[in-house]
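Here is the structure we will look at.
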Amino acid sequence: MTQEEYINLYEKYQEGKLTDEEIRDFLAYKDEFELVDYPWDNQKMGSKENIQADIFNQISSQINQKPKSKNVIWLAAASILLAVFSLLFYFQLKDTDTSKNKIVENKLNQGEIRPGKNTAVLKLSDGSEIALSKTKDGFIKYDGNASINKKANLLSYKGNENRGETVYNVIYTPKGGQYQVELEDGTKVWLNAASSIRFPTVFNDDKRVVELSGEAYFEVAKDKSKPFKVLVKDASAANKMDVEVLGTHFNIQAYHNEDFKTTLVEGAVKVSNPLQKSFILSPGEQSSLSAKSENLTVSKANIKEALAWKNGLFIFNKEHITTIMSKIARWYDVEVVYEGNMDKKEFVGTISREENLSEVLKTLELTGTIKFKVEGRKVIVK
Numbered sequence: 259m260t261q262e263e264y265i266n267l268y269e270k271y272q273e274g275k276l277t278d279e280e281i282r283d284f285l286a287y288k289d290e291f292e293l294v295d296y297p298w299d300n301q302k303m304g305s306k307e308n309i310q311a312d313i314f315n316q317i318s319s320q321i322n323q324k325p326k327s328k329n330v331i332w333l334a335a336a337s338i339l340l341a342v343f344s345l346l347f348y349f350q351l352k353d354t355d356t357s358k359n360k361i362v363e364n365k366l367n368q369g370e371i372r373p374g375k376n377t378a379v380l381k382l383s384d385g386s387e388i389a390l391s392k393t394k395d396g397f398i399k400y401d402g403n404a405s406i407n408k409k410a411n412l413l414s415y416k417g418n419e420n421r422g423e424t425v426y427n428v429i430y431t432p433k434g435g436q437y438q439v440e441l442e443d444g445t446k447v448w449l450n451a452a453s454s455i456r457f458p459t460v461f462n463d464d465k466r467v468v469e470l471s472g473e474a475y476f477e478v479a480k481d482k483s484k485p486f487k488v489l490v491k492d493a494s495a496a497n498k499m500d501v502e503v504l505g506t507h508f509n510i511q512a513y514h515n516e517d518f519k520t521t522l523v524e525g526a527v528k529v530s531n532p533l534q535k536s537f538i539l540s541p542g543e544q545s546s547l548s549a550k551s552e553n554l555t556v557s558k559a560n561i562k563e564a565l566a567w568k569n570g571l572f573i574f575n576k577e578h579i580t581t582i583m584s585k586i587a588r589w590y591d592v593e594v595v596y597e598g599n600m601d602k603k604e605f606v607g608t609i610s611r612e613e614n615l616s617e618v619l620k621t622l623e624l625t626g627t628i629k630f631k632v633e634g635r636k637v638i639v640k
């Protein structure tokens, strides 16, 4: 069986579409059982034969049921599934006796780079700024006749009866940061790393309008009398895309030099840009505004992939290494440099965003098609 045939079987397995004959082929293909760049060590890893049997028992038991654990890492590339299971077992051994079963140090470990955290800056209408990660829970202040409160990692606004003039606040997250805000109307917004949202402290007009740069997930409070609109900005602060809704759940990804994507989870949205007519999305659809041509198109969405960041995951679905590293660079606040040809460097897998950077890079290295070197906060991709 070729690698391509194995990958096709694995993808059908994920979808629950394997025939009985294909299941036998899938289980039989177990010739390659070595970890890439990691020789088998019986003392540290236990009996290879026993582990191999245990892994295949696990795979067999899951063929006819959906995998339940979000922590299992799946890499579909010529027996990498097996390698990952053995690596997970290898990590479990580490916890039982760290002195005796210490994992072989990888050259990437030149000081751990931790994952991002809940941190953001609030810019008030007078231009002053507040570092939210350093602010105690409770009432912060009034701004534009709205009280601003903080609880854990949520900033919330509440207007009073005297609406007053309209003033604007901005919340922005740095690289390696994320945050949540509840607007005055009850709309909830989750901000991903390197993102910002500008909004009125109270919605006085007949429309609720906010401005977004970067990525955010919205749960819009329903109010038919006041449609909700997101103006998506580019690096020059020019308006590139509008997303208008009445009440719905959706994700907008709008980073500089990348395609702008709007993914609809629930409800309906109208997406438009200055150069084209608008599209109305249905749940499960995604619009994409090309960074190169600025053409706006609509396709079926992968909801799990689009919302992975909000759920604490990286999900790669035949994703190119440059796109993967853009996500990693934002979440871990690192610089990425490429050396060599990056053509056909695509990956499939799910990794927790709670892992240290070194673990994420090790997992990608298991494919045997990519190498990394870390120098301070610079990641060199080879």
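Residue 259 is where the sequence shown starts when you use our numbering, and the numbers rise one by one after that.
Backbone N, C-alpha and C fix where the C-beta goes; we use that ideal spot for every residue, glycine too.
Determine which residues share a DSSP beta bridge with residue i and list them.
i: residue 377; result: Paired residues: none, contrary to the question.
i: residue 636; result: 593 and 633
i: residue 456; result: 428 and 469
i: residue 500; result: 489 and 530
i: residue 389; result: 379
i: residue 399; result: 406
i: residue 604; result: 578
i: residue 610; result: 571
i: residue 474; result: 449 and 510
If you run the structure through DSSP and keep just helix, strand and coil, what is residue i?
i: residue 549; result: coil
i: residue 615; result: helix
i: residue 588; result: helix
i: residue 577; result: strand
i: residue 582; result: helix
i: residue 627; result: coil
i: residue 555; result: strand
i: residue 622; result: helix
i: residue 564; result: helix
i: residue 277; result: coil
i: residue 328; result: With a pLDDT of only 36 at residue 328, under 50, the local geometry of the prediction cannot be trusted, and no value is derived from it.
Does the beta-carbon of residue i have 16 or more other beta-carbons within 10 angstroms, so that it is buried, or is it exposed?
i: residue 602; result: exposed
i: residue 450; result: buried
i: residue 544; result: buried
i: residue 397; result: exposed
i: residue 519; result: buried
i: residue 418; result: exposed
i: residue 372; result: exposed
i: residue 410; result: exposed
So, under 8 Å CB-CB, residue i and residue j are touching, yes? Tell me the CB distance rounded to an integer number of Å.
i: residue 564; j: residue 572; result: Not confirmed; about 12 Å, so no contact.
i: residue 377; j: residue 435; result: 4 Å
i: residue 459; j: residue 486; result: Residue 459 to residue 486, Cβ: 16 Å. No contact.
i: residue 574; j: residue 606; result: 6 Å
i: residue 588; j: residue 433; result: 5 Å
Is residue i a contact residue of the ligand HEM, with contact defined as CB to any heavy atom under 6 Å?
i: residue 448; result: Annotation note on the ligand HEM: not contained in the displayed structure, which lists no ligands.
Beta strand (DSSP E) runs wholly inside the region 401 to 452, at least 3 long, in chain order: Unbroken beta strand (DSSP E) stretches of 3 residues or longer found wholly inside the region 401 to 452: 404 to 409, 412 to 417, 426 to 430, 435 to 440 and 446 to 449, given in chain order.
Whole beta strand (DSSP E) elements within the region 507 to 549, 3-residue minimum: The qualifying runs are 507 to 512, 518 to 524, 527 to 530, 537 to 539 and 543 to 547.
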